[in-house]
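The structure appears below as structure tokens.
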Ligand SMILES: Nc1ncnc2c1ncn2[C@@H]1O[C@H](COP(=O)(O)OP(=O)(O)OP(=O)(O)O)[C@@H](O)[C@H]1O
Ligand SMILES: [Mg+2]
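Residue numbers (this note's numbering), protein chains in the order written: chain A, 968 to 1107; chain Z, 34 to 145.
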């Protein structure tokens, strides 16, 4: 099964909507709750990063019997140093975004902790692609 | 212990999400950083925060917290309140600071 969601950069009032839709689908499919929990954390952080840091993007979710694949592709400023971005506490979020409680620099670390596989590629000035996999049979 | 129990014992304001007042409480989490809550709060926690915007309810719903308590007399934004009603996750308020309400909630949960 494949699903696609579009994300608007800067629109915080819709942030989390795609994650919420995917969560509903996974519940309907009777995916085990611990798997849903991990996927929702990783997906939400990816979704909010597009809203907070990019111009627009798309989320692709593919659900198969033994794995869930998520690809989050955005057009945006990109990430110049991915290793630095992955460090807990690193954030380039604006003051306004921080006041809302975003910008702790915990999003990418949360994704790494909750996904079985995480792969990020980025071109500065063009955009970022985040791919993550969660296995359904506990093959962590 | 349910959300309704703590509403009465701590004298909390119920802004919205009344449908969820019978939700079971298993713990609490205090944070104003959304990614921290996303990464570390547990299902069934009461989330204590000073953030009043709509993303709070998005996180509350994705994490399935039992309820949200806004501290220091803060009021939710209109769309936050609307989403609390939609999701049936109680949005509560107190005049107390986070430290004080967390302490009282902790004592209540541990006394059970
Ligand atoms: N899609 C993206 N496009 C451009 N930059 C990004 C993107 N995702 C992350 N980054 C960069 O990586 C940094 C770290 O991201 P991370 O999600 O860990 O923290 P944050 O978004 O700043 O704060 P938090 O997620 O805790 O609210 C960001 O501040 C930003 O500089
Ligand atoms: Mg982030």
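All C-beta atoms in this analysis are idealised placements derived from N, C-alpha and C, irrespective of residue type, glycine included.
Check the DSSP bridge columns for residue i and list the partner residues they point to.
i	result
residue 57 of chain Z	Z/35
residue 1084 of chain A	A/1100
residue 1034 of chain A	A/1102
residue 1039 of chain A	A/1026 and A/1097
residue 103 of chain Z	Z/82 and Z/126
residue 1089 of chain A	A/1095
residue 49 of chain Z	Z/124
Comparing the C-beta of residue i with each C-beta of chain A, is any distance below 8 Å?
i	result
residue 117 of chain Z	no
residue 55 of chain Z	no
residue 65 of chain Z	yes
residue 49 of chain Z	no
residue 74 of chain Z	no
residue 112 of chain Z	yes
residue 95 of chain Z	yes
residue 100 of chain Z	no
residue 34 of chain Z	no
residue 91 of chain Z	yes
residue 69 of chain Z	yes
DSSP state of residue i, grouped into three classes?
i	result
residue 1100 of chain A	strand
residue 89 of chain Z	helix
residue 76 of chain Z	coil
residue 133 of chain Z	helix
residue 125 of chain Z	strand
residue 1094 of chain A	strand
residue 975 of chain A	strand
residue 44 of chain Z	coil
residue 63 of chain Z	strand
residue 980 of chain A	helix
residue 969 of chain A	strand
residue 923 of chain A	Residue 923 of chain A is absent from the structure shown; chain A starts at 968 and stops at 1107.
residue 1070 of chain A	coil
residue 1013 of chain A	helix
residue 987 of chain A	helix
residue 71 of chain Z	helix
residue 113 of chain Z	helix
residue 1078 of chain A	helix
residue 1060 of chain A	coil
Count the other CB atoms, across all protein chains shown, that sit within 10 Å of the CB of residue i; report buried if there are 16 or more and exposed otherwise.
i	result
residue 132 of chain Z	exposed
residue 990 of chain A	buried
residue 93 of chain Z	buried
residue 1058 of chain A	buried
residue 1013 of chain A	buried
residue 1094 of chain A	buried
residue 120 of chain Z	buried
residue 1001 of chain A	exposed
residue 87 of chain Z	buried
residue 99 of chain Z	buried
residue 1077 of chain A	buried
residue 1049 of chain A	exposed
residue 1063 of chain A	exposed
State yes or no: is the beta carbon of residue i nearer than 8 Å to at least one beta carbon in chain Z?
i	result
residue 994 of chain A	no
residue 1011 of chain A	yes
residue 991 of chain A	no
residue 1024 of chain A	no
residue 1069 of chain A	yes
residue 1079 of chain A	no
residue 1074 of chain A	yes
residue 1007 of chain A	yes
residue 987 of chain A	yes
Where the stretch 77-88 of chain Z meets chain A: residues whose CB sits under 7 Å from a CB there = Of all residues in the stretch 77-88 of chain Z, the ones placed with a Cβ closer than 7 Å to any Cβ belonging to chain A are 84, 86, 87 and 88, in chain order.
Checklist entry - Got a sec: which bits of the stretch 1035-1062 of chain A sit with their beta carbon under 7 Å from any beta carbon on chain Z, in order along the chain? => result Result list empty, no residue passes.
- Residues of the stretch 971-985 of chain A whose Cβ lies closer than 7 Å to any Cβ of chain Z, in chain order: The residues in question are 979, 980, 982 and 983.
Return the residues of the stretch 116-135 of chain Z that lie within a Cβ-Cβ distance of less than 8 Å from chain A, sorted by chain order. Within the stretch 116-135 of chain Z, contact with chain A at the beta-carbon level (separation under 8 Å) is assigned to no residue.
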